[in-house]
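The structure appears below as structure tokens.
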Amino acid sequence: MNEKTDKSRKLAVALKYDNESAPVVTAKGTGSVAEQIEQLAREAGVPIEQNPMMAEALSQIELDHEIPVELYQAVAVLIGFIMRSGGAPR
2 MNEKTDKSRK LAVALKYDNE SAPVVTAKGT GSVAEQIEQL AREAGVPIEQ
52 NPMMAEALSQ IELDHEIPVE LYQAVAVLIG FIMRSGGAPR
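Quick note: the sequence shown, position 48, residue 49 per my numbering, numbers continuous.
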């Protein structure tokens with residue numbers, strides 16, 4: 002998931018989801034780190050979703066922490082969209 006809030010700031014957040022617990026933030030960063038996160042996702046075949054508001058909210062979560070209950074519904078919609086479009090959450 003990533004966002005570009007302006008021309009100079011790119012934000013990416015990676016989630017891991019295993020159907021057994023809430024999704025976990027596994028990587029996040031801005032600028033060149035965001036570019037690297039996206040590149041690694043592409044190479045691994047991980048779906049990428051452009052959603053600026055979601056990326057901003059998820060970027061506030063500490064690494065290796067589950068998303069909060071308040072974001073469950075929004076992230077579930079996102080995961081459902083990815084699954085329906087042929088991607089599989091990883």
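Built from N, CA and C at the ideal position, the CB exists for glycine as well.
Note that the structure is predicted; figures quoted are calculated from it, not measured.
Whole-angstrom distance between residue j and residue i, CA atom to CA atom
i: K5; j: E21; result: Bear in mind that the predicted position of K5 carries a pLDDT of just 49, short of 50, making it unreliable; the figure below should be weighed with that in mind. Cα to Cα, K5 sits roughly 31 Å from E21.
i: I62; j: G30; result: 12 Å
i: A13; j: I68; result: 15 Å
i: S86; j: V76; result: 15 Å
i: H66; j: I49; result: 20 Å
i: V47; j: I80; result: 12 Å
i: N52; j: S60; result: 12 Å
i: M55; j: E44; result: 23 Å
i: F82; j: A35; result: 22 Å
i: D19; j: V78; result: 16 Å
i: Q74; j: M84; result: 15 Å
Residue from the options with nearest C-alpha to residue i
i: V25; options: Q74, R43 and L16; result: L16
i: S33; options: P53, M84 and K11; result: K11
Identity of the residues DSSP links to residue i by a beta bridge
i: V26; result: L16
i: E67; result: V25
Beta-carbon proximity check, residue i vs residue j, cutoff 8 Å
i: I38; j: A28; result: yes
i: L72; j: A58; result: yes
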